[in-house]
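Q:
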Amino acid sequence: MIESAIYQGKVHHERVHPTQHSFEYALSLFWLKLDELPHLTKSLRHFSISRLSFHRFKLSDYFVHKDLNSTCDLIEAIKERMVHLGATSALDGDIFFLGQLRSMGIYFSPVNFYYHRNEESQVFDYMLAEVSNTPWNEKHYYLVDLKQQHDTQKTFHVSPFNPIDMTYKWQVSQPDERLSLALSCYQEHRHFTASIAMKKQPLTDRTLRALTLKMPSTTLFSLIGIYWQALKLFIKRTPVYGHPGSIQSHVQENNNVTK
C-alpha cells in the first residue's frame, strides 16, 4: 500500500511582540515516503523525480551540498545529518519528506521536514528541519527528538524581523490522518509562532489535478506571500535585524539538540 500522500490545511503566523501581526492561508504539502519515489514517478502522470513534470521532486533542490544521484543517496544524507546532529536511536527505518516540490519549473521552500520512523516501534522518533532563507539562499538544519522535543537555540538568520538570539520551542505531532506542527520564538517571552494544521489526502492523479487547478504554483505563491507580509511588517515599523554575517558557508548545522 502506498503511504505517500498530500497534506492539506492551513498555515498560521502570529507575531505578538514587538508588533502585533497575524495571517493565515491555505497550504498543501507533499508527504512522500522516499523509498516510494521511483514507483510514484512511474504511476503518476503529473509527478516525476527525473523528467520534466508539473510536480517534480528534483534531488538537487534538497541537501544542495551533497552530490545526490539517487533516492538512496538522499536517504543516506538525511540519516547522516541526523546522526551528526545528535540522533542516538538506530536509524534503520523509513524516511518521509514533508514539504513543497518544484512546480511549473519553479522551486522555493522556506522549510522542508524529514521524518524518521523507527523500524521496530513504527513510531516517528526524529524530525530534521531543513530551513532556507531568502534572498541569501542558505540552508540550516535542526534536529528534533520527537520523544522529548527539547527547546533549540536559534543559530540561523531567517526573518529580518526576528533577532538571532532567540530560543525555538517545538510542538510536533505524530503524522497520521492529521498532522500539526508549531514553532515558537522566545526571547524571555514569546515573540512569534508559526503553525500548520493539516489533514491527509491520497496522492493520486486526481488529487494532483485538483491541487494544480486550485493553486498552479504553490512555490511561487509562498515566495510572493513572504515578501507581501514583510512589507506589511515594515509599514508597521517592526524592528529590522540585519544578517549577522557570521555564516561561513551556505550550509549551517545545529548541534544543540538536547539543550
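Under full-length UniProt numbering, think of the first position of the sequence shown as 1, with each following residue one higher.
From the three backbone atoms N, C-alpha and C, an ideal C-beta is built for every residue, glycine too.
Note that the structure is predicted; figures quoted are calculated from it, not measured.
1. With Lys-147 as the anchor, note down where its beta strand (DSSP E) starts and where it stops.
2. So, helix, strand or coil for Phe-156, using DSSP?
3. Going residue by residue through the region 39–85, where are the continuous beta strand (DSSP E) segments of at least 3 residues, counting only ones entirely within it?
4. Beta strand (DSSP E) containing Gln-229: first to last residue?
5. May I ask you to list the residues that DSSP assigns as paired with Leu-29?
6. Helix, strand or coil, according to DSSP, for His-250 in the structure here?
7. Mapping the DSSP letters down to three states, classify Leu-208 as helix, strand or coil.
8. Taking 8 Å as the threshold (C-beta atoms), are Gly-99 and Leu-29 in contact?
9. Can you name, in chain order, every residue of its own chain whose Cβ lies under 8 Å from the Cβ of Tyr-126, other than the five neighbours on each side?
10. Can you name the residues that DSSP bridges to Trp-170?
11. Using 8 Å as the threshold, is the C-beta distance between Ser-195 and His-39 below it?
12. Pull the bridge partners of Met-127 from the DSSP assignment, please.
13. Since Asn-137 and His-157 should fall inside the 8 Å C-beta cutoff, what is the C-beta to C-beta distance between them, to a whole number of angstroms?
14. With a Cβ-Cβ cutoff of 8 Å, do Ala-208 and His-46 count as a contact?
15. Report the rounded CA-to-CA distance for Trp-170 versus Thr-204, giving the unit in angstroms.
16. Spatial neighbours of Lys-66 within its chain, please: C-beta separation below 6 Å, excluding the five flanking residues on both sides.
17. Spell out the partners DSSP gives Ser-103 in its beta bridges.
18. Report buried or exposed for Ser-4, applying the criterion of at least 16 other Cβ atoms within 10 angstroms of its Cβ.
19. Relative to the ligand FAD, is the shortest distance from any of its heavy atoms to the C-beta of Glu-120 smaller than 7 Å?
20. How is the beta strand (DSSP E) around Met-198 delimited, first residue to last?
21. Leaving aside the five residues before and after Pro-163 along the sequence, list all residues of the same chain whose C-beta is less than 6 Å from its C-beta, in chain order.
22. Within 10 angstroms of the Cβ of Met-198, are there 16 or more other Cβ atoms? Answer buried if so, exposed if not.
23. Run through the DSSP bridge pairs and tell me what Ser-121 is partnered with.
24. Cutting at 7 Å between CB atoms, please list the residues of its own chain near Asp-94, excluding the five before and the five after it.
A: According to the structure data:
1. Lys-147 -> no beta strand (DSSP E), and no H or E assigned at all.
2. Here Phe-156 sits in coil by DSSP.
3. For the region 39–85, there is no continuous beta strand (DSSP E) assignment of 3+ residues that stays within its boundaries.
4. Gln-229 -> not in any beta strand (DSSP E); alpha helix (DSSP H) instead, spanning 218–235.
5. BP columns for Leu-29 point to Tyr-7.
6. Residue placement at His-250 cannot be trusted, given a pLDDT of 36 that sits under 50; what the coordinates show is reported in the next sentence. It is coil, neither helix nor strand.
7. Helix, per DSSP.
8. The answer is yes: Cβ separation under 8 Å.
9. Answer for Tyr-126: Met-82, Ala-87, Ser-89, Leu-91, Tyr-115, His-116, Leu-143, Val-144, Asp-145, Leu-146, listed in chain order.
10. In the DSSP secondary-structure assignment, Trp-170 is bridged to Leu-183.
11. By the CB criterion at 8 Å, Ser-195 and His-39 fall outside the cutoff.
12. For Met-127, DSSP records a beta bridge to Tyr-115, Val-144.
13. Rounded, the Cβ-Cβ distance is 12 Å, inconsistent with contact.
14. Reading the sequence as shown, one finds Leu at residue 208 and not Ala. Yes, they are a contact pair.
15. Each residue's Cα considered, the two are about 31 Å apart.
16. Excluding positions up to five away in sequence, the list reads Ala-77.
17. Its beta-bridge partners are His-55, Ile-106.
18. Here Ser-4 is buried. Its C-beta has 16 or more other C-beta atoms within 10 Å.
19. This structure does not include the ligand FAD; it has no bound ligands of any sort.
20. Segment 189–202, the beta strand (DSSP E) holding Met-198.
21. These residues qualify, in order along the chain: Tyr-241.
22. Classification for Met-198: buried.
23. Per the DSSP secondary-structure output, Ser-121 pairs with nothing in a beta bridge.
24. Taken in chain order, the residues that qualify are Lys-33, Asp-35, Arg-117.
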